[in-house]
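One structure is given here, and the rest of the page talks about it.
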Amino acid sequence: MHTSPPRNPYPKQLILDIHSYCNAKCAICPYPALKTKNPMGIMDEILFKKIIDDFSSLSKRNNFRGHVLFCNMGEPFCYPEIAVNRLQYVLRSELQINIQTNAALLLPEVVEALKESKFNGTILISCHGISPNTYKQVMGLDISKTLRNIDYLSQNYPKEKIGIQSIPYHWPRGEACSFLFSSERDTC
Ligand code: SF4
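Residues 250 to 437, numbered by this note's numbering, are exactly what the sequence shown covers, in order.
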């Protein structure tokens, strides 16, 4: 008989939105519809610190290093100063922190601020299109700005800590091949 592995009675990872804003309007995401229905705002700092303090105590009591992920449905770098300050608070609490971002606002000065803060986690970039047209249609953003940011990041942050994730929503035929060299495209 199949038995499930035992489950921890506590979470080992927190996915945290420090505010409720995003600069994109992805067709795959409920954000564009929810932003006109839900109350919007920045999480109160006292509440933020309480969540991190509680999670840090939990991880110390149970002898594991908890992981925090910024963000779920908010783009952390809509408010880069708040993101970096809160990220430093997480690091001071001896938790690990990783970032999920669309990178459109991850400007070189933000990358430098992250490095100065001693952030050394993973940066997972959501990029739901490869060609400029598809990227614009799916995310409502200009890919050239995002690519400039990704170029700077990849030259100034450990490459093994950068990931790209895509959801191929209504991609036209050949979209996934558009980044290949011409010799590879023939077999794609
Ligand atoms: S970047 Fe992420 S949070 Fe923002 S609209 Fe797209 S999927 Fe949603």
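Just so it is clear, CB atoms sit at the ideal spot from N, CA and C, and this is done for glycine as well.
If you check the CB distance, TYR328 and HIS419 do not come in under 9 Å. Between the region 373-380 and the region 326-340, the count of C-beta pairs closer than 8 Å stays below three; the two stretches do not touch. Boundaries for SER375: no alpha helix (DSSP H) harbours it, while the beta strand (DSSP E) harbouring it runs 372-375, taken from the DSSP string. Excluding residues up to 5 positions away in sequence, ILE346, SER366, LYS367 and PHE368 lie with their Cβ nearer than 8 Å to the Cβ of LEU340 in the same chain. A distance below 8 Å between beta-carbons, with the five flanking residues on each side excluded, links GLY378 to the following residues of its chain, in chain order: TYR384, LYS385, GLN386, VAL387, MET388, ILE392, SER415, TRP420 and GLU424. In the structure shown, the three-state DSSP call for THR350 is strand. Here the C-alpha atom of PHE319 lies approximately 14 Å from the C-alpha atom of LEU354.
Shortest gap from the CB of GLY378 to any heavy atom of ligand 1: 8 Å or more. Set against 8 Å, the gap from the CB of MET292 to the closest heavy atom of ligand 1 is not smaller. For PHE297, the enclosing alpha helix (DSSP H) has its first and last residue at 294-310.
Within 10 angstroms of the beta-carbon of ASN311 lie fewer than 16 other beta-carbons, which makes it exposed. Secondary structure note for ILE413: its beta strand (DSSP E) is the uninterrupted segment 411-414.
Between GLU358 and ASN257, the alpha-carbon positions lie close to 40 Å from each other. With contacts defined as CB atoms closer than 9 Å, THR285 and ASN351 fail to qualify as a contacting pair.
Residue environment: ALA362 is assigned as buried (16 or more neighbouring CB atoms within 10 Å of its CB, all protein chains considered).
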